[in-house]
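Trainee:
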Amino acid sequence: MGQIQNEDTMETKQPSHRTSAIWIAALLLLFAEPATCLASGGLHEAADHVGKILPVWTVVPFAGILLSIALCPLFVPHFWHNHFGKVSAFWALAFALPFLVFDVQVAAYSILHIAMIDYIPFIILLWGLFTISGGIVVQGSLRGTPLVNTILLLIGTFLASWVGTTGAAMIMIRPVLRANRDRIHKAHVICFFIFLVANIGGSLTPLGDPPLFLGFLHNVPFFWVTTGILPEMLVTAVLLLVLFLAVDIFYFRKEKAFREAALEEQAPVRISGTYNFLLLAGVIAAILMSGYWKAGHFTLYEVEVHYQNLLRDASIVILGLISLKVTPRALREANEFSWGPILEVAKLFAGIFITIIPALAILRAGLEGAMAPLVAAVQTPAHYFWAAGGLSSFLDNAPTYLTFFNMALGKVGLVEAQVPAALAAGTATANPAFIGYLTAISAGAVFMGANTYIGNAPNFMVKSIAEEAGVDMPSFFGYMFKYSIPFLIPIFILVTFIFF
Numbered sequence: 208m209g210q211i212q213n214e215d216t217m218e219t220k221q222p223s224h225r226t227s228a229i230w231i232a233a234l235l236l237l238f239a240e241p242a243t244c245l246a247s248g249g250l251h252e253a254a255d256h257v258g259k260i261l262p263v264w265t266v267v268p269f270a271g272i273l274l275s276i277a278l279c280p281l282f283v284p285h286f287w288h289n290h291f292g293k294v295s296a297f298w299a300l301a302f303a304l305p306f307l308v309f310d311v312q313v314a315a316y317s318i319l320h321i322a323m324i325d326y327i328p329f330i331i332l333l334w335g336l337f338t339i340s341g342g343i344v345v346q347g348s349l350r351g352t353p354l355v356n357t358i359l360l361l362i363g364t365f366l367a368s369w370v371g372t373t374g375a376a377m378i379m380i381r382p383v384l385r386a387n388r389d390r391i392h393k394a395h396v397i398c399f400f401i402f403l404v405a406n407i408g409g410s411l412t413p414l415g416d417p418p419l420f421l422g423f424l425h426n427v428p429f430f431w432v433t434t435g436i437l438p439e440m441l442v443t444a445v446l447l448l449v450l451f452l453a454v455d456i457f458y459f460r461k462e463k464a465f466r467e468a469a470l471e472e473q474a475p476v477r478i479s480g481t482y483n484f485l486l487l488a489g490v491i492a493a494i495l496m497s498g499y500w501k502a503g504h505f506t507l508y509e510v511e512v513h514y515q516n517l518l519r520d521a522s523i524v525i526l527g528l529i530s531l532k533v534t535p536r537a538l539r540e541a542n543e544f545s546w547g548p549i550l551e552v553a554k555l556f557a558g559i560f561i562t563i564i565p566a567l568a569i570l571r572a573g574l575e576g577a578m579a580p581l582v583a584a585v586q587t588p589a590h591y592f593w594a595a596g597g598l599s600s601f602l603d604n605a606p607t608y609l610t611f612f613n614m615a616l617g618k619v620g621l622v623e624a625q626v627p628a629a630l631a632a633g634t635a636t637a638n639p640a641f642i643g644y645l646t647a648i649s650a651g652a653v654f655m656g657a658n659t660y661i662g663n664a665p666n667f668m669v670k671s672i673a674e675e676a677g678v679d680m681p682s683f684f685g686y687m688f689k690y691s692i693p694f695l696i697p698i699f700i701l702v703t704f705i706f707f
């Protein structure tokens, strides 16, 4: 009997071993091709080489996490609410484990690089702005009428270029939610808020959005963006504000009870916790410092960690802790402040940043990578606008911007040191072709981050805060098909014909 049991056990285990062997072999075959090419050069060169040989389908885990974000809240909402962190971890491991099997050094370098350079600063900045802005409370009879809502969006759009889209979104989202608390129809207010405050408003300075700050670090003059894409930004923002006003009036007319309450309540508007604005100014100063001050760096597993960036991140954490210490708990309770939204963003974007590694590597490879047909097709400013914007809708818009920035430099035969002179319109050194390309790249990377919830850092944060406040926000695809495609895409087409 014991022998029979052993045989049965062996019979049941053999398929499992065979399946495991096939699975591991498939993973090794996936990454086996470049193994001999990684022996020479450092880990940075090896990681760059990986992008030249990865097939497009290595982005399946990235697509998987996007589809999970889009579909799970619709079809398995209870499961998603309780286990979204595990789902994110699953997709991250689905890419990371095969990558580690292929080459542990290159995989460790790539994962450490995106964690140290991108994810950790990203989360620290979001946490700092979320924490500090959570101590600013707007109270009084701020009622979400169409005119008031339009003014709030206009203020947020203006602020975004000077305190960043993330900063402006975190400052303005709670007043907007408070003003519209009693509205029946309010999801459209938050979606247009994402369009304008969390994205398009940040077009005019390097402080506005990460791609523009990256351009500033690569010799694009600070105020070039202000004049460079001001016309495109004004046309886009004005059209969206007019559309929003029309849509909000349409819904407002259906809400008789709210209209009557708005006329009755006349309590003065006041702002509490204003000292947090000084802390927000400190965050902006820390970001500027990291751009201007070159303090050197040390290497951690061949990843360059710059001292000024460490000081920036430490400063933001300290400023956030100061806000928690000095802001009375009653103010945060009045804002219905909780850590749920930042925890959700931290968990989901951890998976997004890991699974995005192959997509960014293939894109960096340019004509030598699997996206070579796309790269080769990009020739005119209109192409740059839609290619940079389309990819920025789903990928991290900062490296996408930098990739097309370098493509444009190569196309016109310039190096980074020549960028300021090439952008000086009206001078003998100006390069009109490069000006046209960079304008299109900048506008595309910033504007089209509004196309999806993950297109720009604050989008998903705004969605999470709104849902925490009881707003029934559209799903991932619902946002696209009900809002971004019908409202944004026609405007982007018009902008293309007018400017590009």
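First residue of the sequence shown? That's 208 in this note's numbering, and the numbers climb one at a time after it.
Backbone N, C-alpha and C define an ideal beta-carbon position, used for all residues, glycine too.
1. Identify the continuous alpha helix (DSSP H) that holds Phe402 and give its terminal residues.
2. Buried or exposed: Tyr499, going by 16 or more other Cβ atoms within 10 Å of its Cβ?
3. If you measure between the beta carbons of Ala453 and Leu403, is that distance less than 8 Å?
4. Return the CA-CA distance between Ala676 and Gly271, expressed in angstroms with no decimal places.
5. Which of the three DSSP states, helix, strand or coil, is assigned to Gln346?
6. What does a CB cutoff of less than 7 Å around Lys554 pick up in its chain, not counting 5 residues either side in sequence?
7. If you reduce the DSSP assignment to three classes, tell me which class Pro241 lands in.
8. For the beta strand (DSSP E) that Arg477 lies in, which residues bound it at each end?
9. With 16 other CB atoms within 10 Å as the buried threshold, where does His268 fall?
10. To the nearest angstrom, how far is it from the Cα of Lys259 to the Cα of Ala541?
11. Sorted by chain position, which residues of the same chain lie with C-beta nearer than 8 Å to Thr703's C-beta, five sequence neighbours on each side aside?
12. Can the beta-carbon of Asn604 be found less than 8 Å from the beta-carbon of Asn666?
13. Going by the beta-carbon positions, is the gap between Gly422 and Phe612 smaller than 8 Å?
14. Could you check whether Ala376 and Met668 sit closer than 8 Å to each other, using their CB atoms as the reference points?
15. Three or more beta-carbon pairs under 8 Å between the stretch 575-590 and the stretch 271-286, yes or no?
16. Under the DSSP definition of a beta bridge, which residues are partnered with His513?
17. Closer than 6 Å by C-beta to Tyr690: which residues in its own chain qualify, once you throw out the five before and the five after it? Chain order, please.
18. Can you name the start and end residues of the alpha helix (DSSP H) that Val257 belongs to?
19. Apart from the five residues just before and just after Gly363, which ones in its own chain have a Cβ nearer than 6 Å to its Cβ?
20. Can you grab the Cα-Cα spacing for the pair Gln586 / Val432, in whole Å?
21. Would you mind working out which of Tyr458, Leu419, Pro428 sits nearest Ala394, comparing C-alpha positions?
22. Can you tell me whether Ala316 is buried or exposed? The criterion is at least 16 other CB atoms within 10 Å of its CB, across all chains shown.
23. Could you give the residue range of the alpha helix (DSSP H) that holds Ile716?
24. Taking the alpha-carbon positions, what's the Leu761 to Ala254 distance?
25. Whether or not the stretch 337-349 and the stretch 636-648 are in contact is what I'm after, with contact meaning three or more pairs of Cβ atoms, one per stretch, closer than 8 Å; do they touch?
26. Report buried or exposed for Val653, applying the criterion of at least 16 other Cβ atoms within 10 angstroms of its Cβ.
27. Give me, in chain order, the residues of the same chain whose beta-carbon lies closer than 8 Å to that of Ser649; leave out the 5 immediate sequence neighbours on both sides.
28. Suppose you measure from the CA of Gln515 to the CA of Met323; what does that come to, to the nearest Å?
29. So does the stretch 567-586 actually touch the stretch 524-532, counting three or more Cβ pairs closer than 8 Å?
30. Distance, Cα to Cα, Ser368 vs Leu361?
31. If you reduce the DSSP assignment to three classes, tell me which class Ser600 lands in.
32. Is Leu414 helix, strand or coil when you go by DSSP?
33. For Pro580, which option in Pro693, Pro475, Val263 has the closest C-alpha, if you only look at C-alpha atoms?
34. So what does DSSP say about Pro715, is it helix, strand or coil?
35. Give the single residue among Gly480, Glu439, Leu487 whose Cα lies nearest to the Cα of Leu414.
36. Use the C-beta contact count for Leu602: other C-beta atoms within 10 angstroms, 16 or more gives buried, fewer gives exposed.
Mentor: Taking the structure as given:
1. As a position in the sequence shown, residue 402 is number 195, starting the count at 1. Looking at the DSSP string, the run of the alpha helix (DSSP H) that includes Phe402 is 394-403.
2. On the sequence shown, residue 499 is found 292 positions in, with the first residue counted as 1. Exposed, because fewer than 16 other Cβ atoms sit within 10 Å of the Cβ of Tyr499.
3. Within the sequence shown, the letter at position 246 stands for residue 453. Within the sequence shown, the letter at position 196 stands for residue 403. Cβ atoms of Ala453 and Leu403: not closer than 8 Å.
4. Counted from its first residue, the sequence shown places residue 676 at position 469. Counted from its first residue, the sequence shown places residue 271 at position 64. If you take the alpha carbons of Ala676 and Gly271, they lie about 28 Å apart.
5. Working through the sequence shown from its first residue, we reach residue 346 at position 139. DSSP places Gln346 in strand when its eight states are reduced to three.
6. Taking the first residue of the sequence shown as position 1, residue 554 is located at position 347. Here the set comprises Phe291, Gly292, Ser295.
7. The residue you call residue 241 lines up with position 34 of the sequence shown. Low per-residue confidence applies at Pro241: pLDDT is 46, beneath 50, and the placement is therefore not dependable, though the value from the model is reported in the following sentence. Three-state DSSP puts Pro241 in coil, outside helix and strand.
8. Here residue 477 refers to the residue found at position 270 of the sequence shown. Residues 477-479.
9. Position 61 of the sequence shown, counted from the first residue, corresponds to residue 268. Here residue 268 turns out to be Pro, not His, going by the sequence shown. Buried: at least 16 other Cβ atoms inside 10 Å.
10. As a first step, residue 259 must be located in the sequence shown, where it is residue number 52. As a first step, residue 541 must be located in the sequence shown, where it is residue number 334. For Lys259 and Ala541, the distance between alpha carbons rounds to 52 Å.
11. Stepping through the sequence shown from its first residue, residue 703 is reached at position 496. The residues are Ala589, Phe592, Trp593.
12. Translated into the one-based positions of the sequence shown, residue 604 becomes position 397. Translated into the one-based positions of the sequence shown, residue 666 becomes position 459. Against a cut-off of 8 Å, the Cβ pair of Asn666 and Asn604 comes out as no contact.
13. Along the sequence shown, one-based indexing puts residue 422 at 215. Along the sequence shown, one-based indexing puts residue 612 at 405. Yes, these two residues count as a Cβ contact at 8 Å.
14. Stepping through the sequence shown from its first residue, residue 668 is reached at position 461. Stepping through the sequence shown from its first residue, residue 376 is reached at position 169. Their beta carbons are under 8 Å apart, which means Met668 touches Ala376 by this criterion.
15. no
16. Against the sequence shown, residue 513 aligns to sequence position 306. Per the DSSP secondary-structure output, His513 pairs in a beta bridge with His504.
17. Working through the sequence shown from its first residue, we reach residue 690 at position 483. Cys398.
18. As a position in the sequence shown, residue 257 is number 50, starting the count at 1. Boundaries of the alpha helix (DSSP H) harbouring Val257: 250-260, taken from the DSSP string.
19. Position 156 of the sequence shown, counted from the start, is the residue given in the question as residue 363. Hits under 6 Å: Ala375, Met379, Val404.
20. Sequence index remark: in the sequence shown, residue 586 carries index 379 (1-based). Sequence index remark: in the sequence shown, residue 432 carries index 225 (1-based). The straight-line gap from Cα to Cα measures roughly 22 Å.
21. Sequence index remark: in the sequence shown, residue 394 carries index 187 (1-based). Nearest option by C-alpha distance: Tyr458.
22. Numbered from its first residue, the sequence shown carries residue 316 at position 109. The sequence given here places Tyr at residue 316; Ala does not occur at that position. Burial call: buried.
23. It is not possible to answer for residue 716, since the shown part of the chain is limited to 208 through 707.
24. Coverage of the chain is limited to positions 208 through 707, which leaves residue 761 absent and any answer about it impossible.
25. no
26. As a position in the sequence shown, residue 653 is number 446, starting the count at 1. With 16 or more other Cβ atoms within 10 Å, it is buried.
27. Stepping through the sequence shown from its first residue, residue 649 is reached at position 442. Same-chain partners within the cutoff: Ser410, Pro418, Leu419, Gly422, Val432, Gly435, Ile436, Tyr608.
28. Your numbering for residue 515 matches position 308 in the sequence shown. Your numbering for residue 323 matches position 116 in the sequence shown. C-alpha separation (whole angstroms): 13 Å.
29. Contact between the stretch 567-586 and the stretch 524-532 is absent, with fewer than three C-beta pairs closer than 8 Å.
30. Position 161 of the sequence shown holds residue 368. Position 154 of the sequence shown holds residue 361. For the pair Ser368 and Leu361, the Cα-to-Cα distance works out to about 12 Å.
31. Against the sequence shown, residue 600 aligns to sequence position 393. In the structure shown, Ser600 sits in coil (DSSP, three-state: anything other than H, G, I, E or B).
32. Position 207 of the sequence shown, counted from the first residue, corresponds to residue 414. It is coil, neither helix nor strand.
33. Taking the sequence shown and counting its residues from 1, one reaches residue 580 at position 373. Nearest option by C-alpha distance: Val263.
34. Only positions 208 to 707 of the chain appear in the structure, and residue 715 is not among them; the question remains open.
35. By 1-based counting over the sequence shown, the position of residue 414 is 207. Looking at the Cα atoms, Leu487 is the closest of the given residues.
36. Position 395 of the sequence shown, counting from 1, holds the residue named residue 602. It is buried - the Cβ of Leu602 has at least 16 other Cβ atoms within 10 Å.
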